[in-house]
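Chains as they are written, first to last, in our numbering: chain A, 186 to 793; chain B, 3 to 413.
Working notes, structure below.
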């Protein structure tokens with residue numbers, strides 16, 4: 186059997202999922218009737234946002250016509266190819282997941298939109314694919330659009346990624362143009378899997394999902410040896426063992442198979458695994474009776490980069506929030522959570538995420554799927570704190586920063602940011618990066634009017650509105666990607682916020698000392714806007730170690746009384762007041778002050 | 003959607019769906035002879051010769067020479083609604099109030115027909131207070147004599163302001179001098195109980211012009227004064243102009259000072275403050291409006307008129323055409339019957355508007371001991387926004403200024 190294991194890497198909206206769907210249709214995996222937009226993105230949230238959150242895999246048989254080009258006709262002799270298409274999440278938050286999905290393949294289709302050209306995400310994922318040793322087929326999609334400029338885009342691909350322009354395949358996933366040529370290229374240009382079915386079993390887990398009936402479903406790529414139902418398998422990373430009760434392929438439905446899997450194949454494994462926590466992406470599956478000497482390389486623990494608290498809001502009780510988080514965690518083990526109690530906000534959870542998008546998605550799913558309302562605190566990064574006495578601690582919550590006298594230095598995560606943009610925006614983007622404590626690295630022309638700009642920036646400086654700013658400066662054309670570089674010490678201090686004289690721990694931030702006063706002032710001005718006037722005056726203060734560095738006052742309500750309330754007004758006035766009361770319920774009461782969700786996020790918006 | 007509520011479910015504690023804002027042809031708790039006692043009857047006359055730019059009441063401006071005499075059709079339909087109601091229930095309210103719109107815009111023969119109906123149906127039999135709203139420029143000796151003869155004993159005059167500039171800002175067109183004429187005409191006709199409606203915090207108004215307005219009003223020695231803080235109601239031209247910046251509203255601190263000033267001056271002039279925006283000479287409080295704030299049963303007739311009977315609220319649909327086309331029961335809208343806890347909140351909202359406040363006995367009867375609102379009441383009492391007298395729980399002077407923020411917590 187000829188096997189081709191490949192994935193598609195692309196920037197968001199460049200047509201990855203549509204292309205995958207079109208290929209499924211042409212290979213007969215799904216009928217025309219079943220063809221619906223983005224079949225692989227099964228989650229509502231994925232379809233709404235046009236993104237892939239979970240990886241998925243599809244195995245299809247391609248009947249390749251044997252006749253020479255030009256003589257193809259129906260009913261002619263064919264040769265069968267098994268295509269294992271692994272769809273990967275494209276977003277930077279899921280870097281590690283992408284790297285494991287890539288590692289499960291021998292080749293990748295690099296899809297670029299013929300109207301948009303190469304984007305930051307394309308570059309990042311293409312480099313990752315090359316580093317993983319994958320063969321790349323550059324595909325220029327959407328060539329049917331009037332504004333398509335496939336030749337220019339082919340040149341960009343050559344310029345940045347070093348793939349010859351003439352190797353590009355022009356296609357339109359929408360009309361089907363060029364898809365057959367692409368299928369042929371997959372057979373011709375991508376290598377089949379190497380690997381030895383006769384040696385000890387090594388299979389890599391590249392994703393997993395939770396199924397209500399089967400428990401955990403493990404997506405694997407078998408590199409060496411064999412795997413069959415009834416085998417006792419061992420996860421080499423965790424050391425846990427299970428008995429394989431079902432093996433199968435996604436066609437795209439889960440389809441059990443009886444014959445054993447052999448080196449080179451892709452499929453799923455069911456083995457009475459209760460929770461996703463027991464399965465780590467990148468871990469190696471081997472046979473318990475005849476284990477491999479070493480696991481496959483590249484395994485890492487998931488790295489949570491961004492942290493925030495969730496607290497119950499509105500009618501939601503703590504128990505309901507806990508249930509919602511527990512349930513979501515069954516489906517997404519890549520976020521962490523631990524009970525947290527805040528003086529200001531009561532009982533909630535401190536959660537860690539792979540990145541900002543991941544955080545947003547988790548929050549939305551907890552609210553939507555768990556039917557809860559949450560107050561989310563401003564996200565922060567992990568800090569490394571070197572203590573006197575030589576100890577180093579990691580803190581993920583500014584409120585946990587120890588007393589200054591015990592600190593030698595505070596280190597923050599630094600990322601390398603690549604931005605692709607029109608040349609005209611470069612100046613403003615540099616200003617933005619400089620204002621965020623960025624260190625200039627390099628600048629490179631992509632084409633006549635597009636450039637790659639590289640900066641090193643503290644992660645804390647880009648987690649909230651950096652991307653929005655970038656989009657507005659570049660009028661939507663700029664794209665960015667980042668990779669984690671390491672921790673670096675800087676003059677970082679904790680700034681506390683006091684509302685009505687009471688410290689609100691959830692509003693504490695770690696800031697650069699030189700920027701603290703300015704940051705404190707702008708923060709208080711924002712808070713003043715977000716917090717409604719109350720029946721009493723509310724002082725707002727920013728403090729570093731007990732020293733007040735900025736203050737503002739929210740005046741009390743002066744006059745607020747309905748002038749007329751006669752027969753016809755009663756219901757309307759009551760409903761209006763009830764609605765206002767309902768709005769307050771979504772807020773958090775700290776002491777006697779109602780603080781809305783927006784105020785907790787205001788911490789991050791540092792610009793005037 | 004249609005629902006007829008049987009009368010046996012009309013006990014005050016009947017549990018009905020919380021709210022239903024659908025328009026219905028047959029929503030009416032008073033479908034046949036009802037045990038409910040109606041304390042107050044309101045009739046809505048939906049005509050104006052000009053639509054004031056701050057007003058959100060339902061009214062229509064009919065062209066002067068309209069070929070369709072809708073005033074006549076309307077009066078005919080209104081009298082038929084009154085006949086239908088009177089046949090349906092023992093309708094002998096203590097108070098009658100004819101408002102609008104501009105009721106005095108109705109031609110005298112139509113008034114005669116309306117007043118005849120009220121007498122024929124014996125609706126007026128037990129009436130103690132019978133109010134008609136009037137615009138200063140529509141008060142004529144003829145009409146006033148007609149009204150007085152028919153038993154009208156109170157006239158409410160929409161003065162709004164005595165300052166031509168401020169009247170202009172409100173898009174009111176009467177000559178301020180007309181107000182004094184109107185008061186005189188009403189008194190001459192034998193109606194002694196007069197209310198003046200006034201507005202403060204009009205764009206451009208200062209404490210000085212407010213002082214002038216107040217003293218122009220006091221000089222006419224009205225028995226009752228309603229002095230309203232200008233409200234920017236949604237969907238009025240005035241609010242639209244506020245939103246696009248064409249109007250500079252009076253700043254909040256000045257509104258505060260103006261209200262303080264009125265509270266002091268009106269009391270000094272011998273008027274008792276008895277509701278947020280209402281002041282009266284002793285024994286001249288508006289009995290009809292008190293029914294709204296003490297949760298009496300009251301019935302509205304005419305398009306857009308609201309009713310409240312044993313906890314059911316609804317209104318006639320605000321549509322003259324559909325009103326005219328209907329028979330017996332007019333089309334209705336916004337039917338509502340609140341569950342007990344919310345109904346208590348609504349009553350607190352209304353009763354706390356009264357300066358006397360809520361009787362302790364009422365609270366004992368209606369607010370269960372474990373009701374979370376006790377906590378809010380305690381909090382507001384210690385913050386000196388509410389206070390307890392021997393008999394009542396009431397707003398303090400400071401509480402009066404921020405009543406909405408307080409009431410919100412008690413809903």
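Each residue gets a CB set at the ideal place from its N, CA and C atoms; glycine is no exception.
Just so it is clear, the structure is predicted and the values come from calculations on it, not from any experiment.
If you look at residue 160 of chain B, you'll find it in the beta strand (DSSP E) that goes 156-162.
Between residue 400 of chain B and residue 265 of chain B, the alpha-carbon positions lie close to 12 angstroms from each other. At a beta-carbon threshold of 7 angstroms, the residues of chain A lying near residue 336 of chain B are 756, ordered along the chain.
For the region 739-754 of chain A, the set of residues with a beta-carbon nearer than 8 angstroms to any beta-carbon of chain B comprises 742, 743, 744, 745, 746, 747, 748, 749, 750, 751, 752 and 753, in chain order.
When Cβ-Cβ separations below 8 angstroms define contact, residue 394 of chain B makes no contact with chain A.
For the pair of segments examined, the region 331-338 of chain B was found not to touch the region 103-111 of chain B: the number of CB pairs separated by less than 8 angstroms stays below three. Residues of chain A whose Cβ lies closer than 8 angstroms to the Cβ of residue 278 of chain B are, in chain order, 746, 747, 748 and 750. The alpha carbon of residue 93 of chain B has as its nearest neighbour, out of B:127, B:259, B:76 and B:207, the alpha carbon of B:127.
The DSSP-derived three-state label of residue 487 of chain A is coil. The Cβ of residue 241 of chain B sits no closer than 8 angstroms to any Cβ of chain A. Within a 10 Å sphere around the beta-carbon of residue 268 of chain B sit 16 or more other beta-carbons, which makes this residue buried. In the displayed model, residue 50 of chain B falls within a strand according to three-state DSSP.
Counting along the chain, the unbroken beta strand (DSSP E) around residue 395 of chain A starts and ends at 387-396.
Annotation: residue 554 of chain A to residue 289 of chain A spans about 31 angstroms, alpha carbon to alpha carbon. Looking at the DSSP output, residue 732 of chain A bridges to A:729. Shown here, residue 711 of chain A sits in a helix according to DSSP, grouped into three states.
Neighbours of residue 104 of chain B in chain A, taken as residues at a C-beta separation under 9 angstroms, are lacking, since the least C-beta distance is about 16 angstroms. Collapsing the DSSP output to three states places residue 767 of chain A in a helix. For residue 62 of chain B, the three-state secondary structure derived from DSSP is strand.
Leaving aside the five residues that flank residue 285 of chain A on each side, the residues in its chain whose CB is nearer than 6 angstroms to its CB run, in chain order, 391, 466 and 467. For residue 358 of chain A, no alpha helix (DSSP H) segment is defined, and its DSSP state is neither H nor E. Judged by DSSP in its simplified three-state form, residue 772 of chain A adopts coil rather than helix or strand. In terms of beta-carbon proximity, residue 346 of chain B stays away from the interface with chain A, with every pair separated by 8 angstroms or more. Nearest neighbour of residue 281 of chain A by Cα position, chosen from A:757, A:490 and A:557, turns out to be A:490. For residue 607 of chain A, the closest Cβ of chain B is not nearer than 8 angstroms.
Between residue 300 of chain A and the set A:324, A:338 and A:511, the nearest pair of CA atoms involves A:338.
Residue 453 of chain A: member of the beta strand (DSSP E) spanning 451-455, first to last residue. Assigned with DSSP and collapsed to three states, residue 578 of chain A falls in strand. Three or more pairs of CB atoms, one per stretch, sit closer than 8 angstroms, so the region 499-510 of chain A contacts the region 523-537 of chain A. Per the coordinates, the alpha-carbon of residue 279 of chain B lies some 48 angstroms from the alpha-carbon of residue 694 of chain A. Residue environment for residue 349 of chain B: buried (at least 16 other C-beta atoms within 10 angstroms of its C-beta).
Counting along the chain, residue 119 of chain B sits inside the alpha helix (DSSP H) bounded by residues 110-122.
Residue 639 of chain A and residue 651 of chain A have their C-alpha atoms spaced approximately 15 angstroms apart. A Cβ-Cβ separation of about 4 angstroms places residue 674 of chain A in contact with residue 594 of chain A under the 8 angstroms criterion.
Following the DSSP letters along the chain, one finds residue 207 of chain A inside the alpha helix (DSSP H) bounded by residues 201-211. Beyond the five residues adjoining it in sequence on each side, residue 235 of chain B comes within less than 6 angstroms, by CB distance, of 58 in the same chain, given in chain order.
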